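Chemist: Respectively, the protein sequence lines represent chains A, B and C. Residue numbering for the first sequence follows numbering that gives the first Met the number 0, beginning at 0 and increasing consecutively. Residue numbering for the second sequence follows numbering that gives the first Met the number 0, beginning at 0 and increasing consecutively. Residue numbering for the third sequence follows numbering that gives the first Met the number 0, beginning at 0 and increasing consecutively. Here a beta-carbon is modelled for each residue, glycine too, at the ideal position from N, C-alpha and C. Please read these numbers as outputs of a predicted model, since none were measured by experiment. Pasting in a structure now, in structure tokens, and then I'll have a few things to ask.
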Amino acid sequence: MKEVSTMSSESAADSIGEDPAVDTAGDGDEDPPLRVENLRKEFGGITAVDGASFTVADESLTGLIGPNGAGKSTTFNCITGVHEPTDGAVYFNGTDIAGLAPNVIANRGLVRTFQIARELAEMTVLENLMLAPQRQQGEALYRSILPPFRDGVIEEETELREAVWESLEFFEIDHLAEEQAGNLSGGQRKLLELARALMTDPDMLLLDEPFAGVNPTLETKLLDRINQLRAEEGLTFLLVEHDMDIIMEHCDPVIVMHQGHVLAEGRPEEIRNNERVVDAYFGEQQ
Amino acid sequence: MELYARGQQLLRDQPGLVVVAVAAMLLVGDLFGKLLGGGLTAARFGGFVWDGLVIGLLIGLAGIGLSLTYSILGFANFAHGDYISWGAFSGWAVAYLLAGIDRYAAGGLLLIGAGDGPAPGDVGVSITNTPGSILAGLVVAVGFTIGVSLLVDRLVYRPIREADGITLLIASIGVAFVLRYLIVFFFYSGRQGVTDISRVPSYDIGGVVINAHELTIVAIALALMVGVHLLLQRSKLGKAMRAMADNRDLAQVTGIPVEGVIRTTWILGGGLAGAAGYLVVLTQGTIAYDLGWLLLLLIFAAVIMGGIGSVYGAIVGGLVIGLASRLSLIWLTGDLSSFAEPVAFGLMIFVLLFRPEGIFGGVSTA
Amino acid sequence: MSSDQFQTGRLTQFRELLERSDAALVLTAMAAFYLLFLGVGAILNYDVAGLISILGQVTFFTAVYALIVLALNLHWGYAGLFNIGIAGFMAVGVYTMAMLTAPPTGSPPGLGLPIAVGIVGGMLAAALVGLVTALPALRLRADYLAIVTVAISEIIRLTYNSPAFSTFTLPGGIALGTGGASGIGNFPSNPVRAIYYVDPSSAASGTTPIGAAVFGFFEAVFGVVRSAVIVDLTYGLVLAVVVFLVYTLLARVGNSPFGRVLKAIREDEVVAKSLGKDTNRFKIKTFMLGCALMGLAGVLWQGFGTGAVYPQAFRPELTFYIFIAVIIGGAGSNTGSVLGGAVFANLLFLLPQYLPTMIEQTFSIQANPNNFIAAVGPIAAGEIAPLLGYILNQRLPALRFVFVGVLLVYLMQNRPEGLLGHRTETAAAVDLSEGHTPGGQTGTDLTAPDEGGVDNE
């Protein structure tokens with residue numbers, strides 16, 4: 000298990016189909032962005048995650064798949080602090096973050112999206128994005144209300160506004176800027192959530208089924224953005240997805256979870272031909 | 000060694016619980032010291048325990064309904080206290096009427112002495128003097144309060160059955176206002192004597208003075224609790240109620256008649272609240288429009304302590320709250336005795352903070 | 000164009016103004032309430048001093064309700080904190096103020112400190128009690144938080160009510176007290192009086208130059224010789240200024256990155272956390288600020304407004320009034336809070352106090368039966384007057400509560416977002432739509448008639 004999971008970053012890099020700009024050679028001796036060791040999570044008597052271990056290489060787009068109930072979303076929740084793991088460790092950039100609060104983990108640059116898009120429905124698209132940038136000085140109450148500090152807050156807000164509009168144009172949802180987020184379509188919400196997560200300026204993003212309910216055109220667009228962000232800004236992505244075509248075409252490596260632990264890990268073609276994986280999926284479906 | 004490790008674990012996981020346990024042990028130790036050292040006579044201690052049991056049984060009785068509606072309908076019913084008050088007023092109106100109709104005009108009796116109505120000493124209601132009227136009053140209290148709770152459910156809660164807990168909670172505050180001040184409208188806003196205390200016999204058992212009204216309360220409360228137990232354990236509806244308290248959505252899927260269960264819940268909860276309100280007057284000797292509201296927070300404390308949704312938890316929680324508020328008087332002497340109620344509220348806050356699922360575990364009616 | 004059309008045109012313009020400008024909305028509502036109560040005074044044949052007095056009352060109750068509703072809106076409307084312990088926090092504010100400022104020689108004794116120290120001390124004490132409540136309680140579910148806060152509010156009231164602290168001695172030998180059930184009567188006199196009187200505690204001490212000028216003006220122009228009504232009206236106006244300041248403060252809180260996080264917490268706390276916001280800190284700060292404002296409201300209302308403070312004034316009913324007011328206005332909106340406070344104070348609190356006298360004068364109802372049976376009995380004989388007399392003379396306050404309860408249920412069933420509608424206020428310190436280099440947006444002037452139209456994609 001251990002040997003498999005320490006997949007070298009080179010193999011992740013050369014599988015990226017598009018641009019060879021991703022160069023991870025220099026990062027070889029650094030800690031990988033994410034390393035999960037022996038993660039366990041029990042709810043009452045039920046074990047949702049049962050000793051899962053895997054590593055996500057720098058600037059990769061790693062896929063995480065598995066049948067329903069395999070423990071993917073619980074793993075996400077344990078990594079991002081929504082749930083406290085029963086046991087095990089989660090290393091982000093070399094430090095153990097298991098059991099830390101979600102906001103602390105997000106502050107360190109590990110940000111997630113949700114399986115069912117959680118837009119802030121009664122806030123406008125603009126407000127949703129303005130919320131995201133971390134460590135805004137106006138988040139200190141006294142700076143927001145006291146005159147001498149308020150000017151600095153306004154200045155910062157003006158700068159953020161620029162960035163937000165840029166992001167909206169980037170995701171081509173600027174025409175919806177003033178709309179309440181709750182009025183958006185499913186695909187638009189997914190775009191909004193990705194845009195919002197990116198506004199936090201993360202090092203790594205965990206995306207929980209970002210393409211569910213998104214039409215193929217948008218899907219391609221999103222994947223292009225993801226690859227662009229990896230190449231240009233050095234972001235790392237871990238992606239939970241049900242659509243096998245997306246996984247097999249875009250993700251490398253692919254991690255397969257089954258019954259709470261990692262069943263297999265490898266390049267897409269290896270996974271496709273792995274008997275245990277096939278068994279797990281078909282065993283589930285009968 | 001094993002024990003030590005587990006103790007350390009407990010201290011880490013539940014520091015508040017440990018503090019409370021240590022404090023409780025200190026108090027128990029001090030209690031024994033007082034009892035043995037003569038600072039507290041056994042009779043006085045027995046008196047506190049008896050008082051605590053009486054009020055605790057009533058809180059538990061009223062708490063059953065609050066607990067069931069909280070878990071089955073999903074909101075904290077702030078009008079529950081005013082169901083209790085209506086139980087008291089409807090029941091005592093009839094008890095008064097039956098006890099005094101041979102001597103006084105019906106109007107003044109029905110209004111429990113409002114305006115120029117007859118005084119309690121003249122009507123002479125007590126369990127030994129007029130047992131029939133007292134029992135009839137109990138039946139009316141139960142029946143009338145069931146009617147009130149069903150009517151309120153139909154008019155207020157049913158149209159917004161699917162609303163969130165806070166919306167329903169606020170609506171219940173509105174219901175509380177309506178019910179409470181309708182009592183003032185029909186009756187009065189002061190506190191008035193009802194039972195004829197001079198004619199209630201009392202018995203000295205080992206120095207603890209117990210009066211006939213308290214004995215009546217204990218007997219009726221225990222009988223009602225046994226009845227609820229049998230209903231929940233033996234009948235099909237009881238099973239359905241327990242299933243719904245555990246998981247409403249699941250129960251709905253499995254074909255349990257949801258509205259029917261909800262109606263039964265109100266009948267059970269309303270009836271017990273009415274009985275509790277009626278009996279509270281028996282021990283206090285007086286009646287007031289806000290008597291249920293004043294009890295409500297104590298009942299919430301009992302229900303939360305016992306675990307929301309648990310019938311037996313509510314009963315035990317009621318006893319704990321009743322005993323705690325009375326036994327605290329061992330330490331809260333003189334001017335400090337006014338802190339008996341805050342002590343009960345404080346206990347509830349502690350439970351909410353350190354064991355929000357209640358002392359007796361999670362949601363379960365069993 | 001006929002004058003009818005002209006009229007409707009003006010009306011539409013006015014409505015648009017109200018929709019656009021919060022200030023115009025509030026001022027219009029206040030003008031309406033002043034007119035209403037001038038009418039009430041006219042029906043009751045009040046003289047000019049009486050009319051000024053009634054306007055002073057309208058101003059006072061509108062202002063204090065607006066103030067406390069604004070504070071609650073910060074908790075509930077902004078951050079979704081379901082605090083039903085408002086009365087307790089008000090009590091802490093006003094009691095602390097009273098204990099700090101009451102003369103050491105009085106009964107109960109106080110510390111005799113200046114009023115300003117008392118006000119600040121009252122707000123700080125309320126904020127601290129808020130902190131003690133918030134630190135553990137904010138982790139709880141909303142309905143548990145409700146039960147905890149109402150329990151704390153009752154603990155506070157029963158503590159002030161207890162004879163144990165009626166008078167007590169601090170470690171340094173300084174005597175202090177809450178006065179127990181009878182409260183603190185020697186509350187410092189309203190600072191507004193210092194504008195008019197040489198010695199603020201006594202109207203007989205003679206007038207200051209300002210006092211002489213103002214009183215002289217009112218006597219010469221309106222023939223008003225009762226200076227007390229002028230002092231009360233002045234206090235009402237001072238409170239209106241306080242409301243404006245608090246409104247501005249809260250508008251700043253709302254229109255800022257801080258307020259944006261609060262809005263997010265109210266909607267979905269997990270999302271706010273996942274975006275790196277330490278939501279507990281935001282909630283604790285908000286809770287403390289709101290509690291401080293509740294303490295201030297207590298000082299200005301039950302303190303200077305009443306001139307005495309006693310525990311029975313802080314029963315949980317008070318909390319529920321405030322809630323009804325915030326629900327009327329629509330939680331989340333500051334302007335709605337002010338309007339909700341004004342509507343509750345004037346129509347549900349003040350007006351019913353004048354109603355019985357007005358109806359009796361108009362219809363001359365003499366009957367005054369003292370119980371319900373005596374009131375309904377005569378209906379069999381066709382006499383309705385006893386019932387009316389019973390309702391008006393005996394039970395109007397009770398019916399007012401019944402009405403308030405019905406209103407609350409109605410609002411929850413039909414308009415949970417508030418009677419005055421849900422108003423959204425954008426949470427940002429700058430106008431967000433501005434930063435965009437407008438593409439299709441500049442043409443809006445021309446396409447304006449197509450109202451609410453979604454931009455072309």
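What's the gap between the Cα of C/Gly294 and the Cα of B/Gly308?
Modeler: 37 Å
Chemist: Identify whether A/Glu9 lies in helix, strand or coil by the three-state DSSP scheme.
Modeler: Here A/Glu9 scores only 39 on pLDDT, less than 50, and its place in the model should not be relied on; the value that follows carries that caveat. Here A/Glu9 sits in helix by DSSP.
Chemist: Using a Cβ-Cβ cut-off of 6 Å (strictly less than) and excluding sequence neighbours within five positions of B/Ala250, which residues of its own chain qualify?
Modeler: Ala242, Met243
Chemist: Hey, how far is the Cα of B/Pro117 from the Cα of B/Gly107?
Modeler: 7 Å
Chemist: In three-state DSSP terms, what is B/Thr129?
Modeler: coil
Chemist: Check each candidate in C/Leu16, C/Asp142, C/Met98 and name the one with the smallest Cα separation from C/Pro187.
Modeler: Per the C-alpha coordinates, the member of C/Leu16, C/Asp142, C/Met98 positioned closest to C/Pro187 is C/Met98.
Chemist: Counting only Cβ pairs nearer than 9 Å, list the residues of chain A close to C/Ala263.
Modeler: Leu119, Met122, Glu126, Asn127, Leu130
Chemist: Using the DSSP secondary-structure output, state which residues sit across from A/Thr54 in a beta bridge.
Modeler: A/Arg34
Chemist: Would you mind reading off the limits of the alpha helix (DSSP H) that contains A/Met122?
Modeler: That residue, A/Met122, is in no alpha helix (DSSP H); it is neither H nor E in DSSP.
Chemist: What are the boundary residues of the beta strand (DSSP E) that includes B/Gln191?
Modeler: 190-192
Chemist: Please give me, in chain order, every unbroken run of the alpha helix (DSSP H) with length at least 4 that falls completely inside the stretch 296-361 of chain B.
Modeler: 310-326, 339-353
Chemist: Enumerated in chain order, which unbroken segments of the alpha helix (DSSP H) with a length of 4 residues or greater are wholly contained in the stretch 89-145 of chain B?
Modeler: Complete alpha helix (DSSP H) runs here, min 4: 105-109, 119-122.
Chemist: Compare the C-alpha of C/Val252 against each of C/Pro396, C/Ala427, C/Gly335, C/Ala23 and name the closest.
Modeler: Taking the Cα of C/Val252 as reference, the smallest distance to any Cα among C/Pro396, C/Ala427, C/Gly335, C/Ala23 is reached at C/Ala427.
Chemist: With distances taken between CB atoms, is the gap from B/Gly268 to B/Gly64 smaller than 8 Å?
Modeler: Going by beta carbons, B/Gly268 and B/Gly64 fall inside the 8 Å limit.
Chemist: Where B/Gly36 and B/Gly28 are concerned, what is the direct C-alpha to C-alpha distance, given to the nearest angstrom?
Modeler: 12 Å
Chemist: Ignore the nearest five residues each way along the sequence and tell me which others in C/Glu153's own chain have a CB closer than 8 Å to its CB.
Modeler: Gly87, Pro315
Chemist: Need the endpoints of the beta strand (DSSP E) that B/Ser201 sits in, please.
Modeler: Run containing B/Ser201: 201-204, per the beta strand (DSSP E) assignment.
Chemist: Rounded to a whole number of angstroms, what is the C-alpha to C-alpha distance between B/Arg5 and B/Leu326?
Modeler: 32 Å
Chemist: With 16 as the cutoff for other CB atoms within 10 Å, does C/Pro107 come out buried or exposed?
Modeler: The residue in question, C/Pro107, is buried, as its Cβ has 16 or more Cβ neighbours within 10 Å.
Chemist: Looking only at DSSP bridge pairs, what is A/Glu291 linked to?
Modeler: Any question about residue 291 of chain A goes unanswered here, given that chain A covers just 0 to 285.
Chemist: Can you list, in chain order, the residues of its chain whose CB lies under 6 Å from that of B/Phe353, leaving out five sequence neighbours each side?
Modeler: Gly15, Leu16
Chemist: Which one of B/Leu30, B/Tyr187, B/Ala23 has the shortest CA to CA distance from B/Trp85?
Modeler: B/Tyr187
Chemist: Going by CA-CA distance only, name the one from C/Tyr234, C/Ala23, C/Val57, C/Tyr45 that's closest to C/Phe32.
Modeler: C/Val57
Chemist: Please work out which residues of its chain come closer than 8 Å, Cβ to Cβ, to A/Leu119, disregarding the five sequence neighbours upstream and downstream, and give them in chain order.
Modeler: Glu126, Asn127, Leu130, Ala180
Chemist: Shorter than 8 Å from the beta carbon of C/Thr278 to some beta carbon of chain A?
Modeler: Taking Cβ atoms only, chain A reaches closer than 8 Å to C/Thr278, which makes this a yes.
Chemist: Suppose only complete runs of 4+ residues qualify. What are the alpha helix (DSSP H) ranges in the stretch 80-165 of chain C, listed by chain order?
Modeler: The qualifying runs are 85-100, 114-136, 141-160.
Chemist: Which of helix, strand or coil does DSSP assign to B/Asn246?
Modeler: coil
Chemist: Pull up the distance between the alpha-carbon of A/Ser14 and that of A/Asp223, whole angstroms please.
Modeler: Confidence in A/Ser14 is poor, its pLDDT being 40 and thus under 50, which makes the residue's placement unreliable; the coordinate value appears in the next sentence. Those two C-alpha atoms are separated by around 15 Å.
Chemist: Count the other CB atoms within 10 Å of the CB of C/Thr95; is the residue buried (16 or more) or exposed (fewer)?
Modeler: buried
Chemist: Output needed for C/Arg259: all residues of its chain with C-beta closer than 6 Å, excluding positions within five of it in sequence on either side, in chain order.
Modeler: Ala426
Chemist: Helix, strand or coil: which one does DSSP assign to C/Gly464?
Modeler: No information on residue 464 of chain C is available, as it lies outside the stretch 0 to 456 that chain C covers here.
Chemist: What's the C-alpha gap between B/Phe338 and C/Arg156?
Modeler: 11 Å
Chemist: If you measure from the beta carbon of B/Ile133 to each beta carbon in chain C, is any gap under 8 Å?
Modeler: So, not an interface residue.
Chemist: Under a three-way DSSP split, which group does B/Phe74 fall into?
Modeler: coil
Chemist: Please report the residue range of the alpha helix (DSSP H) in which A/Ile225 lies.
Modeler: 215-232
Chemist: In terms of DSSP beta bridges, what is A/Met289 paired with?
Modeler: Nothing in the structure corresponds to residue 289 of chain A, since chain A is present only between 0 and 285.
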